[in-house]
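In this note's numbering, the protein residues as written are 612 to 852. Comments concern the structure below.
Structure follows, in structure tokens:
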């Protein structure tokens, strides 16, 4: 009977409509990438350069032109960057200041205005770093040049024992961020909100949305046709984009 239902012309177009809003890719485990620079005395400093596979899962998400709600799993890559807020993310006083976070393309501000998600992301990042066999004391930020030129590492400068995830702008010059810090026990922790100016040179974490998976949520009162449609959607939604 299920096979006959799936062959029904009323069911298949509905499946196609659901899948037209789906962008998916399989989730991967968190990966911490390390790099090495030298300090002022020529000693090697090992630090975290990026983290891949950070995930945020949201339930009950409504999409335009859909009668269903979805569980959305968003996967991010976090790159550590060194420079001013303006040079890395853009001038927040500019009317065209971009805080978008589209799949594969963004201004690295995926958690702008969303402190609860930023806190979850920092908790995952810090947990992944702390789980390494040897916990690095620093993150190493890629130096951002405002003119787009490649800048070689500066000994001891672009490594820091903290990083900032930007959240908000006061409209004048102050950026509010959530901070991750290596504390006195060489454990990375999630700190409360902190502020600095948009022209302060410091260590930031820039986020990029790399994968997103949408799965239809099945209501308890679904009839057999609804269950069949949802089942097909869940199976197909796991395929790579």
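Backbone N, C-alpha and C define an ideal beta-carbon position, used for all residues, glycine too. Just so we're clear, the structure is a prediction, and the values are computed from it rather than from any experiment.
Please tell me whether residue i and residue j are closer than 7 Å, where the distance is taken between their beta carbons.
i, j, result
"residue 721", "residue 809", "no"
"residue 679", "residue 750", "no"
"residue 775", "residue 729", "no"
"residue 693", "residue 752", "yes"
"residue 806", "residue 785", "yes"
"residue 744", "residue 658", "no"
"residue 666", "residue 684", "yes"
"residue 770", "residue 656", "yes"
"residue 780", "residue 727", "no"
"residue 662", "residue 689", "yes"
"residue 640", "residue 664", "yes"
"residue 714", "residue 820", "yes"
"residue 801", "residue 733", "yes"
"residue 707", "residue 718", "no"
Looking only at DSSP bridge pairs, what is residue i linked to?
i, result
"residue 818", "689"
"residue 779", "787"
"residue 655", "649"
"residue 806", "787"
"residue 672", "681"
"residue 824", "684"
"residue 770", "751"
"residue 665", "687"
"residue 813", "694"
How is the beta strand (DSSP E) around residue i delimited, first residue to last?
i, result
"residue 644", "642-649"
"residue 796", "Run containing residue 796: none; DSSP gives neither H nor E here."
Which ranges would you report for the alpha helix (DSSP H) in the region 687-752 if only whole runs of at least 4 residues count? 696-700 and 726-741
How about the region 781-794 and the region 736-756: do they share at least three Cβ pairs that are nearer than 8 Å? yes
I want to know whether the region 819-831 touches the region 665-680 - three or more CB-CB distances under 8 Å. yes
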